[in-house]
Amino acid sequence: MDTIEKYDLIYAVIARIPRGSVTTYGRIAAAAGLPRNARLVGRALRAAPDGADLPWHRVLNAHGAISPRDEASDERDQRRLLEAEGVTFRRGRVMLSRHLWDPDGGDG
DNA sequence: CGAGTGACGGACG
DNA sequence: CCGTCCGCCACTC
Numbered sequence: 014m015d016t017i018e019k020y021d022l023i024y025a026v027i028a029r030i031p032r033g034s035v036t037t038y039g040r041i042a043a044a045a046g047l048p049r050n051a052r053l054v055g056r057a058l059r060a061a062p063d064g065a066d067l068p069w070h071r072v073l074n075a076h077g078a079i080s081p082r083d084e085a086s087d088e089r090d091q092r093r094l095l096e097a098e099g100v101t102f103r104r105g106r107v108m109l110s111r112h113l114w115d116p117d118g119g120d121g
């Protein structure tokens, strides 16, 4: 299994995240058949081209928060995009009980 | 090839 | 709820 293939698997899962929902790095990794590779999901997003049509903003960490990045503007951007889809934040975190989408839930 | 790093996550105190 | 410590693995130096 090449790294590129793993990235493609990860992208495929992210592409299925429904509008108005979010999921986590860990769940994406598991759904891609790569359990315990949450870091790889972040790395895949980092490597994803800008014009990749991926809903990258629907990916959060296990706490339902936006993971810190090099540029704080990206974090604000992500929150804006989510709020535009109706995703609500509570003390810097998304209410996962309300917006979480489980890739393995089959609810695609 | 070895050491450090990071869009992460779970266990522990 | 918070800080700390490991496990994880591709990538960088």
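Numbering-wise, this note's numbering puts 112 at position 99 of the first sequence, and it's gapless, one number per residue. Glycine included, each C-beta is placed from N, C-alpha and C at the ideal position.
Could you tell me the distance, in whole angstroms, from the CA atom of V72 to the CA atom of I79? Mapped onto the first sequence, residue 72 falls at position 59. Mapped onto the first sequence, residue 79 falls at position 66. The alpha-carbon atoms of V72 and I79 are separated by roughly 8 Å.
Would you call the stretch 86-94 in contact with the stretch 47-58, where contact means no fewer than 3 C-beta pairs closer than 8 Å? no
So is A28 buried or exposed if we call it buried at 16+ other beta carbons inside 10 Å? On the first sequence, residue 28 is found 15 positions in, with the first residue counted as 1. A28 is exposed by the Cβ-count criterion.
In the DSSP assignment, find the alpha helix (DSSP H) that holds V54 and state where it starts and stops. If you number the first sequence from 1, residue 54 lands on position 41. First-last of the alpha helix (DSSP H) with V54: 51-60.
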